[in-house]
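Protein chains in written order, with the UniProt record's numbering: chain H, 1 to 559; chain F, 1 to 242. C-beta: ideal position from N, C-alpha, C; glycine also. Because the structure is a prediction, the values reported are computed rather than measured. Comments concern the structure below.
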Amino acid sequence: METTDSPITSLTPSDQNVLSENDIDSISELEDLLPPSKMESSNESKAIDTSSDNLNPKDVHVESQQDDAVVFDGSEKLVNASKDNGPEDTGEIVVTMLGRGKLDEQGVCANRIPSPLSETSLEASSHWDEDVTAESWRQHRKHVFVLSEAGKPIYSRYGSEEALSSTMGVMMALVSFIQSGDNVIRSVYSDEHTVVFMQQGPLVLVSVSSTHQSEQQLRNELIYVYNQIVCMLTQASITRIFEHKKNYDLRRLLTGSEKILDGLLNLVDFDPSFFLSAVHCLPVASSFRDSLSQILQKAITPNLVFSILVAKNQLLTIAQEKMVIEDAKLDPADLHLLINLIGASSAFQAGEIWTPICLPSFNPDCYFYAYISYLDPPECTVCLLLLSTDNEAFYAVAECKRKIEEAMLAQNALTYIAKAQSYSVSQVGVSDLRHFMYKPFDVPDNHHQLTQFTSPEMEAPYDSDEEKMRLLDLYRDMHGRIHNTSRPLKLIYHVAARETLLAWVTSKFELYTCFSPLVTKSCAINAITKLLRWVKKEEDRLFIRYPPKYSTTSNASKS
Amino acid sequence: MAEPTKKLKKPDVKIVLLGDMNVGKTSLLHRYTERKFKDTVSTVGGAFFLKQWGPYNISIWDTAGREQFHGLGSMYCRSAAAVILTYDTTSWQSYVELEERFLSLTDTANADCIFAIVGNKADLTDSHAQASNPEGEEGTEPARLSFSSSSLQRKQVNKEDAMALYRRVLHYKGLDEKACLPAESMCFETSAKTGYNVDVLFETIFDLVVPSILKKRNEGESSTVDLEAPSTAKRTKAGCCA
């Protein structure tokens, strides 16, 4: 890493002073998640080791990807760590805190293990009554905050928003301070935490993570959070509300929806479909899936656009209005949001629900009207979603559900679905292979295909929540390196202490595999050849090969 | 639930539960249908239920009280034969909201729509509502009663307020008070928690809507909602934003 004293042209000298003396401290305060009242008292400079041997590989990694990165090193100087100068080119600043010494000094991270993947403090959801001054609150793996541009708290993953209003105030102060210099704050790094800022219209989203995920991955997660809010309110109405009243308390509209955001963040942590941006299908015989698709295709009504059958939080089949497929396909991200929405709230388990829902990737400004009903109460594992563009279509759509229910009953489909489950990696018949995730790109015949992936159950030794999370963290790390924007990789062979991983991306697929630690390279490559052959053989069962279409009598909407 | 008879059911009449969030609409309905009280979660959109009442099928819309779902309110109310306006007896605001936010949604209801004003959570303010236990849960009741009767909350909305609201509702709908059901019989104080007055509320309303079912049948109208009639615009995705 090259460090120079060259001043940053986009900031005036006085700005530098302010930044170096006050805001660096407030950045680190935020980083420590201390109450901002401590901000004033921390003006004296602190001994901070900025030597490069103190950087963990992640820091170096990120900086090298940001050619124009500006680093605040926490000392009284502002240093430009970019390989070539030119922060003025992009107007974006990466603030990097390299202050291990400082953090240790404050005792915040004394018990932390620096290894990126060793931390697995798994927390249950919904901590709204948690004491935000407690050490345990700071120890959470990943905090997510949503606030309005006026600094009003909207959502916090842990702890009540009220208790955190001053912390969120500091976050907003940071965002607007950097903004006043015609810049955008993107992230703050320390050894232990990555703080990622993202502004979406009038909302500011902040992720404070100790997971050592890449900035891009954290940013994608914040987009999911933003989109889940949009899914409930639409982007247009959020914009309109804040244009009308800048200090509007958005929680008024989101009360009761905190669970949905909590659920989303738990899924984001535990479900690889989010970082893979692909849909996980429940494996069933292709003939059975086809018969379900036909049932959906037959039960249609004008303005019906999507008919989706979900079982055990995995997709069974999805039928779409023909016109829609030509215009814009359903994005996996939208489907993730829908599946989270129904899974996160038990409100859907009683009666037949009719509610406006926005699919942000499809069209962030408008609503679909969703009919949601479980087909197997009281177990509530098989859920039918019918999306229409007509807000008055409830009774017509409910009639479609009766037809679907009747046809499924005739075929005894619910019994089959109840038996369907994910598969074991042992079925692949490759010794040493413990787990894998396979995401094909080239589905012939239909390039409008929903992006899917397949993956076996996580079995021993990954059967505890801690171990599952550890494997997922390893995958996330590989994924982050494969998709590094400045230095993308095609193939990673990673020998770790407890397993060996191989990630491989080609024009046809993306593959992540996990082997026992003693596997040899040639052995792993052989295994992958076998695995690819097996997937090819099973693909009719593992994927939705030909997404069914229908055409409702009247022309459905083109967004 | 999946028995084949279900598909034959066609709703004869529609009842809508309206009211601010957290007043206990879902809990009231759950208490009536499931005979128990549970902590429900915030309703999303509207939930549709069918209730067999003698030979009739009564559809009930349990709506979300959150502002977020206001856009669909008039859809849920379309052609309703009865609207249950619910407030929380311990929250004056929830009472005010009925007139400010929810009354206008009933514009799409039937012209002869029946209104009921319901003050829920009566167990928090009235000791006799706490004592009510129609399910015979005597075993646990006395202990809880002695504990909670000392912590009664201040009642913010009295029955007189509810009756005054009822009269204003009739006035809003342009109905003659004398021709309508009297306020005394259409204002209820209930407790979904103890079950106090819940059966009385729903059964009174079911009995009152039966004549409108018969009337509709005599007039030979279809018992289902006419779907094609109001949907003029095809691009209705933005309907809720408008």
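For F/A82, the pairing in a beta bridge is given by DSSP as F/I15 and F/I114. Not a single C-beta of chain F is nearer than 9 Å to the C-beta of H/K245. Put simply, the CB of F/M21 is near chain H, with a gap under 9 Å to one of its CB atoms. F/L201 sits close to F/V118, with the two beta carbons spaced by under 9 Å. In the DSSP assignment, no residue is bridged to H/S522. Annotation: Cβ neighbours of F/R66 in chain H (cutoff 9 Å, chain order): R252, L253, L254, T255, G256 and S257.
With a threshold of 9 Å between beta carbons, F/V41 makes contact with chain H.
Taking the beta carbon of F/G71 as reference, the chain H residues within 7 Å of it are P356, listed in sequence order. DSSP links H/Q199 through a beta bridge to H/V204. For H/A350, the residues of chain F that pass the 7 Å Cβ criterion are A47, in the order they occur in the chain. Any Cβ of chain H closer than 9 Å to the Cβ of F/D12 would place that residue at the interface, and such an atom is absent. The beta carbons of H/A319 and H/P548 sit about 4 Å from each other, so the pair counts as a contact at 8 Å. Ranked by Cα distance from F/S104, the options F/Q153, F/G19, F/K14 and F/I60 are led by F/G19. Not a single CB atom of chain H sits nearer than 9 Å to the CB of F/V198. Cβ contact annotation for H/A524 (same chain, cutoff 8 Å, sequence separation greater than five): D432, Y493, T500, L502, T513 and F515, in chain order. Taking a cut-off of 8 Å on C-beta distances, the stretch 284-294 of chain H does not touch the stretch 342-358 of chain H, as fewer than three cross pairs fall below it. The continuous beta strand (DSSP E) containing F/Y56 extends over residues Y56 to T63. In the structure shown, H/H143 falls within a strand segment according to DSSP collapsed to helix, strand and coil. The continuous alpha helix (DSSP H) containing H/L338 extends over residues P332 to A344. In the DSSP annotation of this structure, the continuous segment of the alpha helix (DSSP H) that includes H/R476 starts and ends at D465 to I482. Within the same chain, L17, K25, T26, L29, T43, G46, A47 and F49 come within 7 Å of F/D62 by CB-CB distance, once the 5 residues on both sides are set aside. Chain H has a Cβ within less than 9 Å of the Cβ of F/H30. In the DSSP assignment, F/E97 falls within the unbroken alpha helix (DSSP H) covering W92 to E97. Residue-level contact check: H/A163 does not touch chain F, since none of the beta carbons of chain F fall below 9 Å from its beta carbon.
Around H/N340, no beta-carbon contact reaches into chain F at under 7 Å, the shortest distance being about 13 Å.
Collapsing the DSSP output to three states places H/G181 in coil. With contacts defined by Cβ atoms closer than 9 Å, H/D249 and H/K152 form a contacting pair. Close CB contacts of H/N340 within its chain, under the 6 Å cut and outside five residues either way in sequence, are with G263, L264 and L267 (chain order). By the beta-carbon neighbour count (other beta carbons within 10 angstroms, threshold 16), F/D126 is buried. The Cβ-Cβ distance between H/V144 and H/L203 does not fall below 9 Å. Beta-bridge partners assigned by DSSP to H/P153: H/L147. With fewer than 16 other Cβ atoms from the protein chains shown falling within 10 Å of its own Cβ, H/R533 counts as exposed. H/C281 sits in a strand when the DSSP states are folded into three classes. By alpha-carbon distance to F/V23, the top candidate from F/R168, F/Y172, F/C180 and F/V157 is F/V157. H/G159 is a Cβ neighbour of H/D131, given a cutoff of 9 Å.
Rounded to whole angstroms, the gap between the alpha carbons of H/A333 and H/T167 is 30 Å.
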